[in-house]
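Numbering (the working numbering), first residue to last: 1 to 186.
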């Protein structure tokens, strides 16, 4: 009797676990890592920031790793005025962006960028002030280029989910952004 009960419970457990097709968070992170590596495999990648912070620029420039963990990579299209137009702490910065999902890109899907390129308004944050919801909502990655470049810069930015938009972190989707930064017009 105990053997029949054990077999029945084992069969029930097998049925229950086989019906669960959802992925674990670690599996999503693995998918994200594979997609990012697939994208970067087709790019020139520099793992350190130049000591003089003078980056190669243009559409053929390499992607620079901005953090030790490899959560953010930046390709500098236009460095802006690095001398006279640097962001200061708590300064209001406006930006326009378009982005595509690196997961979709890795699967060969052609995606139309989403963002605010065609919008007459700008998104904004307070540089290095993560105590404000208006700044933290875009995540840490969006602000990172301004530590090295002028406010009037233009970059392509690969951002893994944990450094991306705050309300999208749990989706574990890395994005490739094309971003232009601006000072507010006074």
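A virtual CB, placed ideally from N, CA and C, is assigned to each residue, including glycine.
Return the chain-ordered list of same chain residues with a C-beta closer than 6 Å to the C-beta of residue i, the five sequence neighbours on each side being excluded.
i          : result
residue 73 : 63, 65 and 158
Which residues in the same chain as residue i place their Cβ atom closer than 7 Å to its Cβ, once the five residues preceding and following it in sequence are excluded?
i           : result
residue 92  : 124, 126 and 184
residue 57  : 76, 77, 78 and 79
residue 104 : 111
By the 10 Å Cβ neighbour count, where 16 or more other Cβ atoms means buried, how is residue i classified, buried or exposed?
i           : result
residue 87  : buried
residue 54  : exposed
residue 121 : exposed
residue 5   : With a pLDDT of 39 at residue 5, under the threshold of 50, the modelled position of that residue is not reliable, and no figure is offered here.
residue 50  : exposed
residue 161 : buried
residue 109 : exposed
residue 44  : exposed
Ends of the beta strand (DSSP E) at residue i?
i          : result
residue 93 : 92-101
residue 75 : 72-78
Along the alpha helix (DSSP H) that carries residue i, what are the first and last residues, could you check?
i           : result
residue 37  : 25-41
residue 136 : 133-136
Since residue i and residue j should fall inside the 8 Å C-beta cutoff, what is the C-beta to C-beta distance between them, to a whole number of angstroms?
i           : j          : result
residue 116 : residue 97 : 6 Å
What residues in its chain sit with their C-beta under 8 Å from that of residue i, if we drop five residues either side in the sequence?
i          : result
residue 68 : none
> If you pair each beta-carbon of the stretch 168-176 with each one of the stretch 19-39, do three or more pairs fall below 8 Å?
Replying inline: yes
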